[in-house]
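Enquirer: So the protein lines, in turn, are chains D and C.
Counting from 75, one number per residue, gives the positions in the first sequence under my numbering.
Counting from 50, one number per residue, gives the positions in the second sequence under my numbering.
Below you'll find the structure I mean.
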Amino acid sequence: MSELLNTPERLTPDTFLRGLWQENPVFTMLLGMCPVLAVTGTTLNALAMGLATTFVLVGSSLLVSLLRHWIPKQVRIASYIVIIATFVTLVDYAIQAISLELYAALGAFIQLIVVNCVILGRAEAYASKQRLHTTFVNSLGMGLGFSLALLALGTVREILGQGTLLGVPVLPEGFQPWVIMALPPGGFFVLGSWLLVFNWLGPRRARRDLVASGATIHVR
Amino acid sequence: MSAEPLTLIFLQAAIVNNFVLAMFLGICPFLGVSAKKRMAWNMGLATLFVMLVGSLSAYGINWLLTALGLEFLRLICYIAVIASAVQLVEMFIKKTSPGLFRSLGIFLPLITTNCAILGVALFQTAREYDLIQSLVYAGGAGVGFMLALLLMAGLRERLALARLPEVSQGAALTLMLAGLLSLAFMGFAGLGSSHG
């Protein structure tokens, strides 16, 4: 992965786009799965969780990048975690102030953003080595990629599980909701299905790229 | 102070509200270390131990912070203590069995970011369990985690011998299996009180 380089990266569109698709934290790297499965029962919860995580991700990455010359190597993980926990505490109190209803729906998972490996992973693999502006762009991309994945699950689960989208009915009257989709097993099934779709698309794209680059393909 | 009986707390944490299959905590190690039964067993033991240590220290910290009126520091303190507890376990395992240390690899330090452990600390605080209840709760959660990991490892060892379509290999299949397991665990709902 290019991001493991120690040299500062130049700012390119790829810095941003990588997080959305190519290195999507959920679909390709399988990081931060707990909130992905737990709070995606409805689209609204998924959106709120995605935004909260993006805020923490961008905030902590910026601070880590800013302090990267002062944090001693030996205690870096502990320092990152304290920085992340600070931002999570901010978000926790902010959501509590904005909407108690939302706070109750997300439950402990707001505080559990601390242990979301996407964030610690960004701090360690990217923010600790890169300059401020590339870090900002990259972590924003990652955060939005994470939110996108949450939304992908949330919409499917809400439509199938309740027949609504953001609380508005979208399916015809006679639709019998698949209650199972709103319950825990539904989370596993929907994410599994998304991964199946990407597994199916992945090799096709790789083969097409190969053809485009002029390589010959041996048909089995 | 909640007055739930201890057996109920244990059963609820281990089976009814299984941390992995019903509450989605600790999914990363659940997907990552469940390929072999032996490794699953070791990981389960290590996690159970850290959970007990974490629960004990979280109880102490909460008492101290409440006495000082500094509740907003709770999250930061919890995570710092859990990180040091993991470090302790890591050094202990490295000293006593280097083989196990190597086989657990990266997943040992990653127990720090296992949300199940922070989850135990946060939930026991939210439900105002006393010391004994907290420890029983942590034990139940650890046993439940181990149970889920072992079940998954057993299934995956069988599947390794099966012929599968290329598309369904890897994480997608594991998630489908997890869904089925979760479906099975839903059958326990109703055992004990439903909240939480």
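C-beta atoms are modelled at their ideal positions from N, C-alpha and C, and glycine is treated no differently.
(1) Under 8 Å by Cβ, that's how I've got Gly106/D and Phe220/D pegged, so tell me the actual separation to the nearest angstrom.
(2) With distances taken Cα to Cα, identify the nearest neighbour of Leu136/D among Phe161/D, Met255/D and Glu175/D.
(3) Could you work out which residues of chain C lie near Val162/D, taking near to mean beta carbons separated by less than 8 Å?
(4) Taking the alpha-carbon positions, what's the Phe98/C to Pro87/D distance?
(5) Run down chain D in chain order and give the residues with a C-beta less than 8 Å from the C-beta of Asn163/C.
(6) Smallest Cα separation from Gly195/D: which of Tyr177/D, His207/D and Asn98/D?
(7) Would DSSP call Val132/D helix, strand or coil?
(8) Which chain D residues sit within Cβ distance under 9 Å of Phe98/C?
(9) Closest to Leu141/D by C-alpha separation, out of Ala178/D, Ala197/D and Tyr177/D, would be which residue?
(10) Leaving out five residues on either side along the sequence, give the residues of the same chain with a beta carbon under 8 Å from the beta carbon of Ala95/C.
(11) State whether the region 225-240 of chain D contacts the region 155-173 of chain D, with contact taken as three or more CB pairs (one from each stretch) at a distance under 8 Å.
(12) Using only CA atoms, which one of Gly181/D, Thr229/D and Val188/D lies nearest to Trp268/D?
(13) Give me the chain C residues within the contact set of Ile155/D, using Cβ-Cβ distance strictly less than 8 Å, ordered along the chain.
(14) Go ahead and pull the three-state DSSP assignment for Leu239/D.
(15) Going by DSSP in three states, Val244/D sits in which element: helix, strand or coil?
(16) Among residues of its own chain, excluding the 5 on either side of Gly245/C, which ones have a beta-carbon nearer than 6 Å to its beta-carbon?
(17) CB-CB under 8 Å to Gly276/D, same chain, minus the five flanking residues each way: which ones, in chain order?
(18) Give the secondary structure of Asp179/C by DSSP, where H, G and I count as helix, E and B as strand, and everything else as coil.
(19) From Phe237/C, Ala238/C and Thr223/C, pick the residue whose C-alpha is nearest to that of Gly261/D; which is it?
(20) In the DSSP assignment, the alpha helix (DSSP H) including Trp112/C goes from what residue to what residue?
(21) With a 10 Å radius around its C-beta and 16 neighbouring C-beta atoms as the bar for buried, classify Phe183/C as buried or exposed.
(22) Give the straight-line distance between the Cα atoms of Thr102/D and Leu149/C, rounded to the nearest whole angstrom.
(23) Of all the CB atoms in chain D, is at least one closer than 8 Å to the CB of Ser243/C?
(24) Taking the alpha-carbon positions, what's the Ile151/D to Leu111/D distance?
(25) From what residue to what residue does the alpha helix (DSSP H) around Gly195/D run?
(26) Determine, using beta carbons only, whether Cys191/D and Cys77/C come nearer to each other than 8 Å.
(27) Report the option in Leu74/C, Ala116/C, Gly75/C and Met92/C whose CA atom is closest to the CA atom of Leu247/C.
(28) With a threshold of 6 Å on Cβ separation, who are the neighbours of Leu204/C within its own chain once the five nearest residues in sequence on each side are excluded?
(29) Taking the straight line between their C-alpha atoms, what separation do you get for Gly241/D and Ala223/D?
(30) Inspect the beta-carbon positions of Asn212/D and Thr89/D and report whether they are closer than 8 Å.
(31) Answer with buried or exposed for Arg123/C, where buried requires no fewer than 16 other C-beta atoms within 10 angstroms of its C-beta.
(32) Is Ile169/D near Val130/D, with beta carbons less than 8 Å apart?
(33) List the residues of chain D whose Cβ lies closer than 8 Å to the Cβ of Phe271/C, in chain order.
(34) For Pro99/D and chain C, any beta-carbon pair shorter than 8 Å?
(35) Ends of the alpha helix (DSSP H) at Arg123/C?
Expert: Working from what's here:
(1) Against the first sequence, residue 106/D aligns to sequence position 32. Against the first sequence, residue 220/D aligns to sequence position 146. Yes, they are in contact, since the Cβ atoms of Gly106/D and Phe220/D sit about 7 Å apart, within 8 Å.
(2) The residue you call residue 136/D lines up with position 62 of the first sequence. Of the candidates Phe161/D, Met255/D and Glu175/D, Phe161/D places its Cα closest to the Cα of Leu136/D.
(3) Here residue 162/D is taken as the residue at index 88 of the first sequence, counted from 1. Within 8 Å Cβ-Cβ: Leu124.
(4) Locating residue 98/C in the second sequence gives position 49, counting from the first residue. Locating residue 87/D in the first sequence gives position 13, counting from the first residue. Pairing Phe98/C with Pro87/D, the inter-Cα distance amounts to about 46 Å.
(5) Walking along the second sequence from the start, residue 163/C turns up at place 114. Close to Asn163/C, with beta-carbon spacing below 8 Å, are these residues of chain D in chain order: Val189.
(6) Looking up residue 195/D in the first sequence gives position 121. Selection Tyr177/D, His207/D and Asn98/D evaluated against Gly195/D yields Asn98/D as nearest (Cα-Cα).
(7) Taking the first residue of the first sequence as 1, we reach residue 132/D at position 58. Residue state, collapsed to three classes: helix.
(8) As a working mapping, residue 98/C is identified with position 49 in the second sequence. Under the 9 Å cutoff, chain D gives no residues; its nearest Cβ is about 18 Å from Phe98/C.
(9) Numbered from its first residue, the first sequence carries residue 141/D at position 67. Comparing Cα-Cα distances from Leu141/D to each of Ala178/D, Ala197/D and Tyr177/D, the minimum goes to Ala197/D.
(10) Locating residue 95/C in the second sequence gives position 46, counting from the first residue. Cβ neighbours of Ala95/C within its own chain (closer than 8 Å, five residues either side excluded): Val138, Ile142, Leu153, Leu157 and Ile160.
(11) With the cut-off at 8 Å, the region 225-240 of chain D and the region 155-173 of chain D do not touch.
(12) Walking along the first sequence from the start, residue 268/D turns up at place 194. With distances taken between Cα atoms, Trp268/D lies closest to Thr229/D.
(13) Locating residue 155/D in the first sequence gives position 81, where the first residue counts as 1. Ordered by position in chain C, the residues that pass the 8 Å Cβ test against Ile155/D are Ile128, Ala129, Ala132 and Thr161.
(14) Taking the first residue of the first sequence as position 1, residue 239/D is located at position 165. In this structure, Leu239/D counts as strand in the three-state DSSP scheme.
(15) Along the first sequence, read from residue 1 onward, the residue named residue 244/D stands at position 170. Here DSSP, grouped into helix, strand and coil, assigns Val244/D to coil.
(16) In the second sequence, counting from the first residue as 1, residue 245/C sits at position 196. For Gly245/C, the predicted model reports a pLDDT of 42, less than 50, meaning its position is unreliable; a value from the coordinates is still stated below. If you ignore the 5 residues before and after Gly245/C, its C-beta comes within less than 6 Å of no other C-beta in its own chain.
(17) Along the first sequence, read from residue 1 onward, the residue named residue 276/D stands at position 202. Excluding positions up to five away in sequence, the list is empty.
(18) Position 130 of the second sequence, counted from the start, is the residue given in the question as residue 179/C. In this structure, Asp179/C counts as coil in the three-state DSSP scheme.
(19) Your numbering for residue 261/D matches position 187 in the first sequence. Nearest to Gly261/D by C-alpha distance, out of Phe237/C, Ala238/C and Thr223/C, is Thr223/C.
(20) Translated into the one-based positions of the second sequence, residue 112/C becomes position 63. For Trp112/C, the uninterrupted alpha helix (DSSP H) segment begins and ends at Lys86 to Leu117.
(21) Along the second sequence, one-based indexing puts residue 183/C at 134. It should be pointed out that residue 183/C corresponds to Ser in this sequence rather than to Phe. Result: buried.
(22) Counting from 1 along the first sequence, the entry for residue 102/D is found at position 28. Counting from 1 along the second sequence, the entry for residue 149/C is found at position 100. Between Thr102/D and Leu149/C, the C-alpha separation is close to 29 Å.
(23) As a first step, residue 243/C must be located in the second sequence, where it is residue number 194. Any reading at Ser243/C must be qualified, since the residue scores a pLDDT of 46, below 50, and its modelled position is unreliable; the value itself is stated next. Chain D contact via Cβ: absent.
(24) The residue given as residue 151/D occupies position 77 in the first sequence. The residue given as residue 111/D occupies position 37 in the first sequence. Cα to Cα, Ile151/D sits roughly 26 Å from Leu111/D.
(25) Counted from its first residue, the first sequence places residue 195/D at position 121. Its alpha helix (DSSP H) spans residues Cys191 to Arg196.
(26) Along the first sequence, read from residue 1 onward, the residue named residue 191/D stands at position 117. Along the second sequence, read from residue 1 onward, the residue named residue 77/C stands at position 28. Their beta carbons are under 8 Å apart, which means Cys191/D touches Cys77/C by this criterion.
(27) Residue 247/C lies beyond the stretch modelled for chain C, which goes from 50 to 245, so this question has no answer here.
(28) Residue numbering aside, residue 204/C sits at position 155 when the second sequence is read from its first letter. Only residues of its own chain outside the window of five on either side were considered, and among them Leu226 have a CB closer than 6 Å to the CB of Leu204/C, listed in chain order.
(29) Locating residue 241/D in the first sequence gives position 167, counting from the first residue. Locating residue 223/D in the first sequence gives position 149, counting from the first residue. The alpha-carbon atoms of Gly241/D and Ala223/D are separated by roughly 20 Å.
(30) Translated into positions along the first sequence, residue 212/D becomes position 138. Translated into positions along the first sequence, residue 89/D becomes position 15. Closer than 8 Å, so yes.
(31) The residue you call residue 123/C lines up with position 74 of the second sequence. Arg123/C comes out buried.
(32) Here the question's residue 169/D lines up with position 95 in the first sequence. Here the question's residue 130/D lines up with position 56 in the first sequence. The Cβ atoms of Ile169/D and Val130/D do not sit closer than 8 Å to each other.
(33) Because chain C in this structure spans residues 50 to 245, residue 271/C falls outside the shown range and cannot be described.
(34) Locating residue 99/D in the first sequence gives position 25, where the first residue counts as 1. It does not: the Cβ of Pro99/D has no partner Cβ on chain C nearer than 8 Å.
(35) For the purposes of this step, residue 123/C is taken as the residue at position 74 of the second sequence. Its alpha helix (DSSP H) spans residues Arg123 to Thr145.
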